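Residue numbers (UniProt numbering): 1 to 721.
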Amino acid sequence: MNRVRCLVLNAALGPLDYKVPEGLRVEPGSVVECPLGPRTVIGIVWEAERLPGTEVPAEKLRPLRGILPVPPLSAPLRRLIEWTADYYVASLAGVARMALSSGGALKGPATMTEYRLTGGLPERMTPQRQAAIDALDGEQANIRELSGIAGVSEGVLRGLVNQGVLEPVEVDCDRPYDTARPDFVQVDLSDEQQAVSDVFSAAVRKRDFAPFLLDGVTGSGKTETYFEPVAEALRMGRQVLVLLPEIALTENFLHRFEERFGAAPILWHSSLKSTERRRAYRAVCEGSAQVVVGARSALYLPFAKLGLIVVDEAHETSFKQEDGVRYNARDVAVMRGHFEKVPVILASATPALESLQMAESGIYEKVDLPSRFGGAELPAIELIDLTEEKPPHGMWLAQRLVDGIEERLERGEQSLLFLNRRGYAPLTLCRNCGFRYQCPNCSAWLVEHRFTRRLACHHCGHEAPAPQACTECGEPDCLVACGPGVERIADEVAERLSQARVFVATSDTLNSPGRAAEFIAAVEAREIDVIVGTQLVTKGFHFPELTLVGVVDADLGLEGGDLRAGERTYQQVAQVAGRAGRGSKPGEVLIQTRHPEAPVIAALAAGDRDAFYSAETEMRREAGAPPFGRWASIIISSEDDGEAREAANRLGAFRPDVADCMILGPAPAPMALLRGRYRYRFLINARRSVQLQHVIRRWLTQVDHPAGVRVAVDIDPYSFV
């Protein structure tokens, strides 16, 4: 092969042909260095017949500059990249970039210098040096990473190196991980669990594609059940990928995994240090990484011998990537299993309606765990009608819910209050002039965070100090917090039950695996009486002494234009209800609502999941919504409102006229300004018979846009802002 076609990681360029220098051995999937003008860019050798491009005369071809020391991307992974780009109307280069997600790993074996404390002290102690020494106890990393951990400048740390307080350590960047042992402990499963795990283990041994939907009630032991096919894959020398929806769940999972297998799995998520990403990436592609636990991006890691994929809490909306390549990790996981010919387990107590429909149609095999493990009972659920049992003025918790928490305090048990709204209050306004604090970059109100004394936008991250006086009229002490967030609920609990030890559990307070581990340890040690949390606490946690769950506002998720609002509300409330009574003590769930007659609320109260899903299914069928129809959105955005509006109207003039395909818009998106960009939206609804991606791709190629305009396509959208 003296001529190759390369996919370079620049979507604007398209495929490029190169000459292979004599002595350089390349094959499809090889990661190579390609000359591009005066620069060198990374490319992936691809099958020419699968990547159409312009033929260039052989004499004009430039030679490749080299091949990078990593194994070629496998054919199944290349097919997955192609499928993702085609299905989600994304660039092939953009998807391929996710498979080369550690630049350091592509450079081959290496050593590096890290630093750790020696136990000595500097000749002259300063506050910054003392802070660094306190923060770096037990840490080892490079200077830049230690600087981030300690919160001091790199200059402070280099001074400590010169003083002998920090010592250099030469480490192998690719040192092996501890070995997980499939038979480290003997597991005692219930008969139900054993039957399910036997089905999964047999599929692993068969080494063929088999998609499963594991539908088990909260507390049924789904994790222990799929640990057995993980063990089977390890016995066969195969690799396993486990996807989790939240980084905060990782620490709890790691603990359970290590107890079962005697070693921790390998982590993959955005908070890893660059050295950790490099080490994990190389172990994955060389085959020595046994079990990888990661966020959705782990799906595109170049596994050498994948044997099983598990998607835990598969219903979670956080598996949907909302920027860049807008893929759904749940669905892509099934496709990777198809290309790799390995079983895929989608585990959930509240499966997505689309997954249930796939099981009903026979595409997925559905396996059930209908009972809690060890004889524990599902909690009793009651509604609190807030139109009849009104909380005291200025309060948000009905007296019956407060009484329930007080009873648990007296018995030494724990309670959980769920409200899916971070911060203290979602809106701050001036009672004098009516001014409302809004984000300058987004069409959203600034949320007050009293813990940090800031006003923050939860869409773009903009922050401003909480003002003492109205910035519009100058009136002091006139700002009013409107509505509750979790911080406000925590304050109310502290005010009404002063003896309670309260913890606020959100992505603000549990923003790293370490903090999540500290939280879990504090709850297990009974140092916390009442947890007030967002959706972060609705899944994955097992606290035997937690016997009461209170849902502060069950109606919150039903507001707005979310087409999956009913399903999402049911899933969140059912999941958080499942945190109660997971041990030997019975649990109780109190749901505060102003609409007890709403189908989703009534179904939750009756514990009748099947009735809710049946009604939701029929509603979707009539509306032509997923899984019976297809949705897609196209967002046109620009920093200039006029430019965005004009581009959207120009695209609208070329809208295709396709049978069984309805195109709505353009109209300002519900979030008309986001991160400084004005947004206009098309919403497309089509029957499943329509080749939707082909229609969209052909439509978009008819119109050229100015450089400042971005066009984003979202297939099967979950967010409608």
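All C-beta atoms, glycine included, are put in the ideal place defined by N, C-alpha and C. Since this is a predicted model, take the numbers as computed values, not measurements.
Give the range of the alpha helix (DSSP H) segment to which Ile247 is assigned. Taken as a continuous stretch (DSSP letters only), Ile247 belongs to no alpha helix (DSSP H), as it is neither H nor E.
Tell me which residue opens and which closes the beta strand (DSSP E) that Val532 is part of. Val532: member of the beta strand (DSSP E) spanning Val530 to Gly533, first to last residue.
Pick from Leu455, Pro229 and Gly37: whose alpha carbon is nearest that of Val187? Pro229
How would you call residue 723, buried or exposed, if buried means at least 16 neighbouring beta carbons within 10 angstroms? Residue 723 is absent from the structure shown; the chain starts at 1 and stops at 721.
According to the Cβ coordinates, are Ile363 and Gly337 closer than 8 Å? no
Is it buried or exposed for Lys539, if we count other Cβ within 10 angstroms and need 16 for buried? Buried, because 16 or more other Cβ atoms sit within 10 Å of the Cβ of Lys539.
Tell me which residues share the same chain as Ala605 and place their Cβ nearer than 8 Å to its Cβ, disregarding the 5 neighbours each side in the sequence. Ile381, Glu382, Leu383, Ile591 and Pro596
Would you say Gly53 and Asp17 are within 8 Å of each other, going by their C-beta atoms? yes
Per-residue burial, Thr223 [other beta carbons within 10 Å of its own, 16 or more giving buried]: Per the 10 Å Cβ criterion, buried.
Just to confirm before moving on: does the CB-CB distance between Val20 and Asn2 stay below 8 Å? Contact: yes.
Would you call the CB atoms of Glu616 and Leu346 closer than 8 Å? no
In whole angstroms, what is the alpha-carbon distance linking Ser443 and Val711? Looking at the backbone, the Cα of Ser443 and that of Val711 are separated by about 19 Å.
Beta carbon of Asn162, beta carbon of Asp716: below 8 Å? no
Candidates Ala349, Cys470, Ser318 and Gly423, of which the one nearest Thr506 by Cα: Among Ala349, Cys470, Ser318 and Gly423, the Cα nearest to that of Thr506 is on Gly423.
On the premise that Glu33 lies in contact with Leu9, defined as a C-beta separation below 8 Å, what is that separation, rounded to the nearest angstrom? Wrong, their Cβ atoms sit about 12 Å apart, outside the cutoff.
Cβ separation of Asp172 and Thr111, assumed to be a contact under 8 Å, to the nearest whole Å: Going by Cβ atoms, the distance from Asp172 to Thr111 rounds to 6 Å, so yes, they are a contact pair.
Express the C-alpha separation of Asp714 and Arg645 in angstroms, rounding to a whole number. 19 Å
Would you report the Cα separation of Gly483 and Arg421, rounded to the nearest angstrom? 10 Å
Please return the same chain residues whose Cβ sits closer than 8 Å to the Cβ of Cys457, not counting the five positions on each side in sequence. Cys439, Asn441, Cys442, Ala444, Leu446, Val447 and Glu463
Should the region 674-684 be regarded as contacting the region 632-647, the criterion being three or more beta carbon pairs within less than 8 Å? yes
Alpha carbon to alpha carbon, what distance is there between Val576 and Val196? 25 Å
Mind checking whether Glu389 and Gln399 have CB atoms under 8 Å apart? yes
Going by DSSP in three states, Val712 sits in which element: helix, strand or coil? The sequence shown places Ala at residue 712, rather than the Val named in the question. If DSSP states are grouped into helix, strand and coil, Ala712 belongs with the strands.
For Ala349, the nearest candidate out of Ala58, Val721 and Arg579 (CA to CA): Of the candidates Ala58, Val721 and Arg579, the one whose C-alpha sits nearest the C-alpha of Ala349 is Arg579.
What residue ranges within the region 250-294 form continuous beta strand (DSSP E) runs of no fewer than 3 residues, ordered along the chain? 266-268 and 291-294
Residues of its chain near Pro586, where Cβ-Cβ distance is below 8 Å and the 5 sequence neighbours each way are ignored: Counting only Cβ-Cβ distances below 8 Å, and skipping sequence neighbours, we find Glu377, Pro379, Ala380 and Thr547.
Say whether the region 648-661 touches the region 598-614, bearing in mind that this needs 3 or more beta-carbon pairs closer than 8 Å, one atom from each stretch. no
Straight-line gap, Ala494 to Ser288 (C-alpha atoms, nearest Å): Computed Cα separation, rounded: 50 Å.
Would you check if the distance between the CB atom of Asp529 and the CB atom of Ala565 is smaller than 8 Å? no
What's the C-alpha gap between Met395 and Glu643? 46 Å
Kindly indicate the opening and closing residues of the alpha helix (DSSP H) around Thr569. Ala565 to Ala577
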